[in-house]
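Participant:
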Amino acid sequence: MSWDGNVANSMAVRILIDSGYKPLYDIDKGITNEGVDMAGYLRGCIVCGAPLKEYPDARELTCELCGKTFSANMECENGHYVCDDCHRSGAVESVYDLVKDCTSTDPVEILNILMDQPETHANGPEHHQLVGCAMATAYANAGGNIDLEKTIAEIIKRGGQLPGGTCGLWGTCGAASSCGIFLSVVLSQTPLHGTHYSDVNRQVSRALNAIAEIGGPRCCKRNGYLSLMQSVAYTNAVTGSHMTLPEHITCHYSQNNKQCLHENCPFFPGSVRLAPAADVTQIGTPEVMFAE
Ligand SMILES: [Zn+2]
Ligand SMILES: [Zn+2]
973 MSWDGNVANS MAVRILIDSG YKPLYDIDKG ITNEGVDMAG YLRGCIVCGA PLKEYPDARE
1033 LTCELCGKTF SANMECENGH YVCDDCHRSG AVESVYDLVK DCTSTDPVEI LNILMDQPET
1093 HANGPEHHQL VGCAMATAYA NAGGNIDLEK TIAEIIKRGG QLPGGTCGLW GTCGAASSCG
1153 IFLSVVLSQT PLHGTHYSDV NRQVSRALNA IAEIGGPRCC KRNGYLSLMQ SVAYTNAVTG
1213 SHMTLPEHIT CHYSQNNKQC LHENCPFFPG SVRLAPAADV TQIGTPEVMF AE
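Residue numbers (the numbering used here): 973 to 1264.
(1) In three-state terms, what does DSSP make of Asp-1057?
(2) For Ala-1112, which residues from the same chain have a beta carbon less than 8 Å from its beta carbon, with the 5 sequence-adjacent residues on both sides left out?
(3) Per DSSP, which residues does Phe-1042 bridge with? Please list them.
(4) Write down every uninterrupted run of the alpha helix (DSSP H) in the segment 1049-1104 whose length is 4 residues or greater and which is fully enclosed by it, in chain order.
(5) Could you tell me the distance, in whole angstroms, from the CA atom of Pro-1079 to the CA atom of Ile-1186?
(6) From the DSSP output, in three-state form, read off Leu-1233 for me.
(7) Whole angstroms is fine: what's the gap from Gly-1131's alpha carbon to Asp-1251's?
(8) Can at least three beta-carbon pairs, one atom from the segment 1192-1204 and one from the segment 1050-1062, be found at a separation below 8 Å?
(9) Are Leu-1083 and Leu-1102 close, meaning C-beta to C-beta below 8 Å?
(10) Using 8 Å for Cβ pairs, my map puts Val-1210 next to Ile-1128. What's the rounded Cβ distance?
(11) What separation, rounded to the nearest whole angstrom, lies between the Cα atoms of Pro-1028 and Asn-1181?
(12) To the nearest angstrom, how far is it from the Cα of Gly-1214 to the Cα of Glu-1032?
The structure is reproduced here in structure tokens:
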């Protein structure tokens, strides 16, 4: 699936228009009413295209799409807030259909398929679900003995509990957490039982460390790729699976990300910066099981 780049095809914007909202752009011409480049809708507010502003302290904001009020940190300069559920619903609802016939053992290739959906925004909490789903699909294709449909449903459920912005607000990027969720689901790890308590936490810590090495500000694509690089190596070491990675990862989303690091990102076209090498030390430490 490829996207023509027209934000009017975004599921969230379609919902908005169907609900009677008068958009600030001409949906047929693909430009704003003032003739402004539609790329703003990709980089900023998905309602009006204006730049986003953020607050260090959370406040009550009402979602422009569903009308519900949430405690949140970000809205556009025109006062539009879109809640996490509205932001990600379109991108996660068809994941299984998109990947069920895929045979790739490379989660980067699979994640790109999921991120190429028009409903997947340049940045957003949908990545907290899509990254883990890409891992699960590659794992199944590499011989992992899982029920892929059930695994994807569980990853989407758990990843959906992670709000947007956890990279900067919690110090815990959701793309990294998504890889921990994936490993927890396939190894049946829980808080009270299971022998892979260390492994699921190390999976996330390896990814977070790589994300910290490169630095910010946000980029869900960059952090997704960094998480996959670490998690493929770590999961292969823990489970004996044979997932693969491409020789080079080149991002084709940078023009949609206002905060792109460009040549300081390892995945920017032509960049010579290297992503941190995968860390597969300290694998599989046995854990003491807690009795009920
Ligand atoms: Zn707006
Ligand atoms: Zn909403």
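Ideal placement from N, C-alpha and C gives every residue a C-beta, glycine not left out. Nothing here was measured: the structure is a model prediction, and the numbers come from that model.
Facilitator: This is what the structure holds:
(1) One-based indexing of the sequence shown puts residue 1057 at position 85. Correct three-state label for Asp-1057: helix.
(2) Looking up residue 1112 in the sequence shown gives position 140. So the qualifying residues of the chain are Ile-1118, Leu-1120 and Thr-1123.
(3) Here residue 1042 is taken as the residue at index 70 of the sequence shown, counted from 1. For Phe-1042, which the question treats as bridged, DSSP gives the partners Leu-1033.
(4) Runs of the alpha helix (DSSP H) inside the segment 1049-1104: 1056-1064, 1067-1071 and 1079-1087.
(5) The residue you call residue 1079 lines up with position 107 of the sequence shown. The residue you call residue 1186 lines up with position 214 of the sequence shown. One C-alpha to the other measures close to 21 Å.
(6) Your numbering for residue 1233 matches position 261 in the sequence shown. Reduced to three states, the DSSP call for Leu-1233 is coil.
(7) Position 159 of the sequence shown, counted from the start, is the residue given in the question as residue 1131. Position 279 of the sequence shown, counted from the start, is the residue given in the question as residue 1251. Their Cα atoms are separated by approximately 24 Å.
(8) They do not touch, by the three-pair rule.
(9) Against the sequence shown, residue 1083 aligns to sequence position 111. Against the sequence shown, residue 1102 aligns to sequence position 130. With contacts defined by Cβ atoms closer than 8 Å, Leu-1083 and Leu-1102 form a contacting pair.
(10) Within the sequence shown, the letter at position 238 stands for residue 1210. Within the sequence shown, the letter at position 156 stands for residue 1128. About 23 Å; that fails the 8 Å criterion.
(11) Numbered from its first residue, the sequence shown carries residue 1028 at position 56. Numbered from its first residue, the sequence shown carries residue 1181 at position 209. Inter-residue distance for Pro-1028 and Asn-1181 is about 24 Å (C-alpha atoms, whole angstroms).
(12) In the sequence shown, counting from the first residue as 1, residue 1214 sits at position 242. In the sequence shown, counting from the first residue as 1, residue 1032 sits at position 60. Inspection of the sequence shows that residue 1214 is occupied by His rather than by Gly. About 46 Å.
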